[in-house]
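**Q** Quick one: the structure is below, questions incoming.
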Amino acid sequence: STDLKSVLAEKIPQQQERLKAIKKAYGSKQMGQVSVDMVIGGMRGITGVLWETSLLDPDEGIRFRGYSIPELQEKLPSAIPDGEPLPEGLMWLLLTGELPNKEQVAALSADLRSRAKLPDHVNATLKAMHPDTHPMTQFSAGVLALQPESNFAAAYEKGINKMQYWDPVYEDTMNLIAKLPALAATIYRNVYKGGELIEADPNLDWAANLAHMMGFEDQGAQELMRLYQTIHTDHEGGNGPCMVWPTRRFLSWLFRVREELGDNPSKDQVKDFVWATLKSGRVVPGYGHAVLRKTDPRYACQRVFAMKHLPDYPMFRLVSLFYEVVPSILQETGKVKNPWPNVDAHSGVLLQYYGIKEQNFYTVLFGVSRAIGVLSQAVWSRALGLPIERPKSVTMEVIEKKFSGT
Ligand code: CMX
Numbered sequence: 033s034t035d036l037k038s039v040l041a042e043k044i045p046q047q048q049e050r051l052k053a054i055k056k057a058y059g060s061k062q063m064g065q066v067s068v069d070m071v072i073g074g075m076r077g078i079t080g081v082l083w084e085t086s087l088l089d090p091d092e093g094i095r096f097r098g099y100s101i102p103e104l105q106e107k108l109p110s111a112i113p114d115g116e117p118l119p120e121g122l123m124w125l126l127l128t129g130e131l132p133n134k135e136q137v138a139a140l141s142a143d144l145r146s147r148a149k150l151p152d153h154v155n156a157t158l159k160a161m162h163p164d165t166h167p168m169t170q171f172s173a174g175v176l177a178l179q180p181e182s183n184f185a186a187a188y189e190k191g192i193n194k195m196q197y198w199d200p201v202y203e204d205t206m207n208l209i210a211k212l213p214a215l216a217a218t219i220y221r222n223v224y225k226g227g228e229l230i231e232a233d234p235n236l237d238w239a240a241n242l243a244h245m246m247g248f249e250d251q252g253a254q255e256l257m258r259l260y261q262t263i264h265t266d267h268e269g270g271n272g273p274c275m276v277w278p279t280r281r282f283l284s285w286l287f288r289v290r291e292e293l294g295d296n297p298s299k300d301q302v303k304d305f306v307w308a309t310l311k312s313g314r315v316v317p318g319y320g321h322a323v324l325r326k327t328d329p330r331y332a333c334q335r336v337f338a339m340k341h342l343p344d345y346p347m348f349r350l351v352s353l354f355y356e357v358v359p360s361i362l363q364e365t366g367k368v369k370n371p372w373p374n375v376d377a378h379s380g381v382l383l384q385y386y387g388i389k390e391q392n393f394y395t396v397l398f399g400v401s402r403a404i405g406v407l408s409q410a411v412w413s414r415a416l417g418l419p420i421e422r423p424k425s426v427t428m429e430v431i432e433k434k435f436s437g438t
């Protein structure tokens, strides 16, 4: 079937049974141990969340429903021959666990287009906001302003069987994801382009329409948006906030390199610059990772994109030079667990190349993409009846008393 909801509805009873069986067979088994370091360290390393849509492997990076990014670039339908995957395809995969064919992706694209219009009251809400309000705050406010349209709120008010929760959550998910490009683009045009809005193009897919409504018609920019929106959708469960600051920090760092050393610095000059950064007690932005232990595949696929579309862009050449120089320096420090670059050491440069230069907006683009992962998981969370996460907390006094023997 090309109808996502009915494909999903078929899978739900099987997965409910699967979870019941897991609970029955392994419910009392131990998944690991918790040290005081983990309690103080933001629960890092504690396995404590069920998250079906993606899994982060320390060596391979993110896998979406078992598929790596290069595999998805090969297997997911694209808008142009040999082009980047369409995020609608990844959304289908995250929701159903199955790779979609071209017809299924086209049907999902069309469904999203039919739900894409932003209600007037949301436009009015955005217009009424103080012009200095950060784009991400406007984005969050815009999402909240959509609440009157919520199917779940209406169904809950009327009274709905718990087993059916997933249905209105699915409708809300579709409606929200469909509207995010218009919401993001409206904010972009309001904040940076004098409020002159651009209508959606009925012939474009979801991500290309985002680029189009922001004002970017270049094929390359639309391809980049498809790739960007695909690779940022999910990064397993339990992610914290502030995930896009490193993109900005990396870019500022790159701008400083250009200012001080020009477009064509030597390897030795770049080495000295990196060491100076480390010696001043700062981290090298865009490098290292809490879990990953090799080059982030999201970095790698953006590098391939850059080599194809913008091989001579001076900022990309600098990024490449850093790739040659930084890992061995970080290794030399002897303490950095992962000397390889992460996604943030690449995204910014690609956006800059296509003229999306407003760095405060990058977090919104990230938010549009991540919504796909988080909301797909939300549908499953309701389908499986998962509870609210409620980890136990303790005070310092509890730790002291427990281990000091007093
Ligand atoms: N430059 C300099 N020092 C670094 C470093 C880097 N890029 N990455 C790690 N280190 C240092 C740590 O600061 C730590 O030093 P201290 O022991 O003196 O405190 C030591 O190496 C060990 O840290 P780690 O276990 O390797 O890394 P963490 O899990 O503590 O931190 C991260 C991970 C991402 C916060 C860190 O690598 C970092 O600050 N990187 C730069 C910022 C960045 O690119 N963040 C983007 C993350 C993207 C994502 O998560 O997807």
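33 is the number of the first residue of the sequence shown in the UniProt record's numbering; add one for each residue after it.
Here a beta-carbon is modelled for each residue, glycine too, at the ideal position from N, C-alpha and C.
Small disclaimer: the values here were computed from a predicted structure and weren't measured.
#1: Given a threshold of 16 other Cβ atoms within 10 Å of its Cβ, counted over all protein chains shown, does I388 qualify as buried or as exposed?
#2: DSSP on L88, reduced to helix/strand/coil?
#3: What does a CB cutoff of less than 7 angstroms around W238 pick up in its chain, not counting 5 residues either side in sequence?
#4: Is residue 20 near the ligand CMX, judged by its Cβ being under 7 angstroms from some heavy atom?
#5: Ordered along the chain, which non-local residues of its own chain (more than five positions away) have a Cβ less than 7 angstroms from that of H378?
#6: For Y385, count neighbouring C-beta atoms within 10 Å of its own C-beta (all shown protein chains included) and say buried if the count is 16 or more, exposed if not.
#7: At which residues does the alpha helix (DSSP H) containing I101 begin and terminate?
#8: Please report how far the alpha carbon of K303 lies from the alpha carbon of T365, in whole angstroms.
#9: If you pair each beta-carbon of the stretch 355-372 with each one of the stretch 398-414, do three or more pairs fall below 8 angstroms?
#10: How many Å lie between V316 and F282 at the Cα?
#11: So, with DSSP's three-state summary, where would you put F348?
#12: So is the beta-carbon of P359 under 7 angstroms away from any non-hydrogen atom of the ligand CMX?
#13: Taking 8 angstroms as the threshold (C-beta atoms), are Q48 and A410 in contact?
#14: S408: buried (16+ other C-beta within 10 angstroms of its C-beta) or exposed?
#15: Taking the alpha-carbon positions, what's the P234 to I101 distance?
#16: Quick one: grab the DSSP three-state call for G93.
#17: Using beta-carbon positions only, say whether L158 and T79 come within less than 8 angstroms of one another.
#18: Give the secondary structure of P359 by DSSP, where H, G and I count as helix, E and B as strand, and everything else as coil.
#19: Consider the C-beta atom of D376 and the heavy atoms of the ligand CMX; say whether any pair is separated by less than 7 angstroms.
#20: For the ligand CMX, any of its heavy atoms closer than 7 angstroms to the Cβ of G59?
#21: Quick check on DSSP: helix, strand or coil for Y386?
#22: Pick out whichever of M70, F248 and A216 has its Cα sitting closest to the Cα of K149.
#23: Would you please state the rounded distance, in angstroms, between the beta carbons of P329 and G93? I believe it to be under 8 angstroms.
#24: Excluding sequence positions up to five away, which residues of its chain have a Cβ less than 8 angstroms from the Cβ of F435?
#25: Between R422 and N370, is the Cβ-Cβ spacing less than 8 angstroms?
#26: If you draw a straight line from the C-alpha of G313 to the C-alpha of V368, how long is it?
#27: Determine which residues share a DSSP beta bridge with P117 and list them.
#28: So is the beta-carbon of A322 under 7 angstroms away from any non-hydrogen atom of the ligand CMX?
#29: Please confirm if the stretch 290-299 is in contact with the stretch 43-57, defined as three or more CB-CB distances below 8 angstroms between the two stretches.
#30: State the Cα-Cα distance for the pair Y345 and W277, rounded to the nearest angstrom.
#31: Please determine, among G270, L125 and S182, the residue with the shortest C-alpha to C-alpha distance to G74.
#32: Restricting to runs no shorter than 4 residues, where is the alpha helix (DSSP H) found entirely within the stretch 262-328?
#33: Return the CA-CA distance between Y355 and G417, expressed in angstroms with no decimal places.
#34: Could you give the distance in angstroms between the alpha-carbon of N374 and the alpha-carbon of V323?
#35: Quick check on P343: does DSSP put it in helix, strand or coil?
#36: What are the partner residues of P373, as DSSP defines its beta bridges?
**A** So, from the data block:
#1: Mapped onto the sequence shown, residue 388 falls at position 356. With 16 or more other Cβ atoms within 10 Å, it is buried.
#2: Along the sequence shown, read from residue 1 onward, the residue named residue 88 stands at position 56. For L88, the three-state secondary structure derived from DSSP is strand.
#3: Taking the sequence shown and counting its residues from 1, the one referred to as residue 238 is at position 206. Exclusion of the five residues before and after W238 leaves P119, E120, S141, L144 and P213 as the residues of its chain whose Cβ lies within less than 7 angstroms of its Cβ.
#4: Residue 20 lies beyond the residue range present for the chain, which begins at 33 and ends at 438; the question has no answer from this structure.
#5: Here residue 378 corresponds to residue number 346 of the sequence shown, with the count starting at 1. Y331, Q334, R335 and V351, listed in sequence order.
#6: The count along the sequence shown starts at 1 and reaches residue 385 at position 353. Under this definition Y385 is a buried residue.
#7: Within the sequence shown, the letter at position 69 stands for residue 101. Boundaries of the alpha helix (DSSP H) harbouring I101: I101 to K107, taken from the DSSP string.
#8: On the sequence shown, residue 303 is found 271 positions in, with the first residue counted as 1. On the sequence shown, residue 365 is found 333 positions in, with the first residue counted as 1. Taken atom to atom, the span from the alpha-carbon of K303 to that of T365 is near 13 angstroms.
#9: Result no; under three Cβ-Cβ pairs closer than 8 angstroms.
#10: Here residue 316 corresponds to residue number 284 of the sequence shown, with the count starting at 1. Here residue 282 corresponds to residue number 250 of the sequence shown, with the count starting at 1. Going from the Cα of V316 to the Cα of F282 covers about 8 angstroms.
#11: As a first step, residue 348 is located in the sequence shown; it is residue number 316 there, counting from the start. If DSSP states are grouped into helix, strand and coil, F348 belongs with the helices.
#12: Residue mapping note: residue 359 aligns to position 327 of the sequence shown, counting from 1. No - the ligand CMX has no heavy atom lying nearer than 7 angstroms to the Cβ of P359.
#13: Mapped onto the sequence shown, residue 410 falls at position 378. Mapped onto the sequence shown, residue 48 falls at position 16. Going by C-beta atoms, A410 is not nearer than 8 angstroms to Q48.
#14: Counted from its first residue, the sequence shown places residue 408 at position 376. The Cβ neighbour count for S408, taken over all protein chains shown within 10 Å, is at least 16; the residue is labelled buried.
#15: In the sequence shown, residue 234 corresponds to position 202, counting from 1. In the sequence shown, residue 101 corresponds to position 69, counting from 1. Straight-line spacing of the CA atoms in P234 and I101 works out to 28 angstroms.
#16: Numbered from its first residue, the sequence shown carries residue 93 at position 61. If DSSP states are grouped into helix, strand and coil, G93 belongs with the strands.
#17: As a position in the sequence shown, residue 158 is number 126, starting the count at 1. As a position in the sequence shown, residue 79 is number 47, starting the count at 1. Contact flag unset, no.
#18: Position 327 of the sequence shown, counted from the start, is the residue given in the question as residue 359. In this structure, P359 counts as helix in the three-state DSSP scheme.
#19: The sequence position of residue 376 within the sequence shown is 344, counting from 1. Correct: D376 has its Cβ closer than 7 angstroms to the ligand CMX.
#20: Working through the sequence shown from its first residue, we reach residue 59 at position 27. Every heavy atom of the ligand CMX is 7 angstroms or more from the Cβ of G59, so no.
#21: In the sequence shown, residue 386 corresponds to position 354, counting from 1. In this structure, Y386 counts as coil in the three-state DSSP scheme.
#22: Along the sequence shown, one-based indexing puts residue 149 at 117. Considering only alpha carbons, the answer is A216.
#23: One-based indexing of the sequence shown puts residue 329 at position 297. One-based indexing of the sequence shown puts residue 93 at position 61. Contact holds; Cβ gap of about 4 angstroms.
#24: Here residue 435 corresponds to residue number 403 of the sequence shown, with the count starting at 1. Only V68 meet the Cβ criterion.
#25: Here the question's residue 422 lines up with position 390 in the sequence shown. Here the question's residue 370 lines up with position 338 in the sequence shown. In this structure, R422 keeps its C-beta atom at 8 angstroms or more from the C-beta atom of N370.
#26: Counted from its first residue, the sequence shown places residue 313 at position 281. Counted from its first residue, the sequence shown places residue 368 at position 336. One C-alpha to the other measures close to 14 angstroms.
#27: Taking the first residue of the sequence shown as position 1, residue 117 is located at position 85. In DSSP, P117 forms a bridge with S110.
#28: In the sequence shown, residue 322 corresponds to position 290, counting from 1. Judged by the Cβ position, A322 qualifies as a neighbour of the ligand CMX at the 7 angstroms threshold, a heavy atom of the ligand being closer than this.
#29: Contact between the stretch 290-299 and the stretch 43-57 is not established, with fewer than three Cβ pairs separated by less than 8 angstroms.
#30: Here residue 345 refers to the residue found at position 313 when the sequence shown is read from its first residue. Here residue 277 refers to the residue found at position 245 when the sequence shown is read from its first residue. Rounded to the nearest angstrom, the two C-alpha atoms are 23 angstroms apart.
#31: Here the question's residue 74 lines up with position 42 in the sequence shown. Nearest Cα to G74 within the set G270, L125 and S182: G270.
#32: Counting only runs of 4 or more, we get 277-293 and 299-311.
#33: Numbered from its first residue, the sequence shown carries residue 355 at position 323. Numbered from its first residue, the sequence shown carries residue 417 at position 385. Between the alpha carbons of Y355 and G417 lies a distance of about 45 angstroms.
#34: Counting from one through the sequence shown, the residue named residue 374 turns up at place 342. Counting from one through the sequence shown, the residue named residue 323 turns up at place 291. Looking at the two C-alpha atoms, the distance is approximately 11 angstroms.
#35: Here residue 343 refers to the residue found at position 311 of the sequence shown. Shown here, P343 sits in coil according to DSSP, grouped into three states, outside any helix or strand.
#36: Looking up residue 373 in the sequence shown gives position 341. Per DSSP, Y319.
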